[in-house]
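Beneath this line is the structure, given in structure tokens, with notes to follow.
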Amino acid sequence: VKTFFSCTNKSFLGTYYKMSKMTWQDIFLTYINFFFFLFIFFFFKKFDTNYNPIFITFFPFFKIFKKIKKYSVSYDHKKIGKLYLIFSFIMLIRGFVDALMMRLQQILSFNHEGYLSSNHYSQIFTAHGVIMIFFVAMPFMVGLMNIIIPLQIGAIDVAFPSLNLLSFWLTFFSIMLINLSLLFGEFSKIGWLSYPPLSEITFSPWVGVDYWIWSLQISGISTLLTSINFITTIIKCRKKNLFFFNFFK
Numbered sequence: 001v002k003t004f005f006s007c008t009n010k011s012f013l014g015t016y017y018k019m020s021k022m023t024w025q026d027i028f029l030t031y032i033n034f035f036f037f038l039f040i041f042f043f044f045k046k047f048d049t050n051y052n053p054i055f056i057t058f059f060p061f062f063k064i065f066k067k068i069k070k071y072s073v074s075y076d077h078k079k080i081g082k083l084y085l086i087f088s089f090i091m092l093i094r095g096f097v098d099a100l101m102m103r104l105q106q107i108l109s110f111n112h113e114g115y116l117s118s119n120h121y122s123q124i125f126t127a128h129g130v131i132m133i134f135f136v137a138m139p140f141m142v143g144l145m146n147i148i149i150p151l152q153i154g155a156i157d158v159a160f161p162s163l164n165l166l167s168f169w170l171t172f173f174s175i176m177l178i179n180l181s182l183l184f185g186e187f188s189k190i191g192w193l194s195y196p197p198l199s200e201i202t203f204s205p206w207v208g209v210d211y212w213i214w215s216l217q218i219s220g221i222s223t224l225l226t227s228i229n230f231i232t233t234i235i236k237c238r239k240k241n242l243f244f245f246n247f248f249k
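Everything in the sequence shown is counted per full-length UniProt numbering, starting at 1 for the first residue and increasing by one.
Written as structure tokens, this is what we have:
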């Protein structure tokens, strides 16, 4: 635990040096850049086109790969906070689309059934509630706290940088799961609170409830680890002259 704990400058630099040796990410992204370069080269050379300007056109993609690599394996609390905010904004658009679909269904179903079946509408309704609460509001708050808390208490980083990165990737996988569930199966149709007995297998024998459970469980583990990280950071990593009740002094 001491190796991953970074409250002082010395321990933080040592942790960053040890934990930044993630060679499999480097190899993976290097191979992506290499094969993408070969594909562009041979494709345009085959058709005898002027492919030299094409490299200039596609060169920003290589910079994007480098930036993705830079952020995806970084233990900096600011970069992780930015990742939370980016995915929160993406899911905000996703939840907003669900809201538009529901409102459009209500408008068109005034005199008839509308363009969505009752089964599909229930899935959209549930997905909208889950996304807006657990994958928009919570990642947004966690992202802001990741950026602000260490700066407010004078800490270099959060107490457990590796745990902070793990928490983000758990949130990322839960986001992917909830979106893939609508493509490769179905989502829950029982509302975002999933009240029993409607959520029990007797009334919901489909796989949608399973997707709902796994998405929220993975997201809940991420939030739990993040809260432990923040509490430890506030208690152990603040400046010596910074107390809990300075406001009242």
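Beta carbons: idealized from backbone N, C-alpha and C, even for Gly. Since the structure is predicted, the reported quantities are computational estimates derived from the model, not experimental observations.
Since Val158 is in the alpha helix (DSSP H), which residue starts that stretch and which ends it? Position 158 of the sequence shown, counted from the start, is the residue given in the question as residue 158. Premise fails: Val158 is in no alpha helix (DSSP H) and is neither H nor E.
Reduced DSSP secondary structure (H/G/I, E/B, other) of Leu116: Residue mapping note: residue 116 aligns to position 116 of the sequence shown, counting from 1. In the structure shown, Leu116 sits in coil (DSSP, three-state: anything other than H, G, I, E or B).
Can you give me the start and stop residues for the alpha helix (DSSP H) that Arg103 sits inside? Position 103 of the sequence shown, counted from the first residue, corresponds to residue 103. Taken as a continuous stretch (DSSP letters only), the alpha helix (DSSP H) holding Arg103 covers 77–108.
At the level of alpha carbons, what is the spacing between Lys78 and Lys189? Looking up residue 78 in the sequence shown gives position 78. Looking up residue 189 in the sequence shown gives position 189. Roughly 37 Å between the two C-alpha positions.
Are the Cβ atoms of Leu83 and Tyr75 separated by less than 7 Å? Here residue 83 refers to the residue found at position 83 of the sequence shown. Here residue 75 refers to the residue found at position 75 of the sequence shown. For Leu83 and Tyr75, no; Cβs fall outside 7 Å.
Mind the definition here: the segment 112–132 touches the segment 85–98 only if three or more C-beta pairs lie below 8 Å; say whether that holds. yes
Once DSSP output is grouped into helix, strand and coil, what is the label at Val73? On the sequence shown, residue 73 is found 73 positions in, with the first residue counted as 1. Correct three-state label for Val73: coil.
Pick helix, strand or coil for Leu183, following the three-state DSSP scheme. Residue mapping note: residue 183 aligns to position 183 of the sequence shown, counting from 1. In the structure shown, Leu183 sits in coil (DSSP, three-state: anything other than H, G, I, E or B).
Beta-carbon spacing of Ser167, Thr226 below 7 Å: Taking the first residue of the sequence shown as 1, we reach residue 167 at position 167. Taking the first residue of the sequence shown as 1, we reach residue 226 at position 226. For Ser167 and Thr226, yes; Cβs fall inside 7 Å.
In the structure shown, what three-state DSSP assignment does Leu193 receive? Position 193 of the sequence shown, counted from the first residue, corresponds to residue 193. In this structure, Leu193 counts as coil in the three-state DSSP scheme.
What separation, rounded to the nearest whole angstrom, lies between the Cα atoms of Lys21 and Gly220? Start at 1 with the first residue of the sequence shown, and residue 21 comes out as number 21. Start at 1 with the first residue of the sequence shown, and residue 220 comes out as number 220. With a pLDDT of only 46 at Lys21, under 50, the local geometry of the prediction cannot be trusted, and the value read off the model is given with reservation. About 29 Å.
Assuming Asn229 and Ala159 are in contact, meaning their beta carbons sit under 8 Å apart, how far apart are those beta carbons, in whole angstroms? Counting from 1 along the sequence shown, the entry for residue 229 is found at position 229. Counting from 1 along the sequence shown, the entry for residue 159 is found at position 159. That pair is a contact at about 6 Å.
On the DSSP letters alone, give me the boundaries of the alpha helix (DSSP H) that Phe230 sits inside. Working through the sequence shown from its first residue, we reach residue 230 at position 230. Residues 208–236.
Taking one C-beta from the segment 147–159 and one from the segment 233–244 each time, how about it: are there three or more such pairs within less than 8 Å? yes
Would a C-beta distance cut-off of 7 Å place Val142 and Met91 closer than the cut-off? In the sequence shown, the residue the question calls residue 142 occupies position 142. In the sequence shown, the residue the question calls residue 91 occupies position 91. Against a cut-off of 7 Å, the Cβ pair of Met91 and Val142 comes out as no contact.
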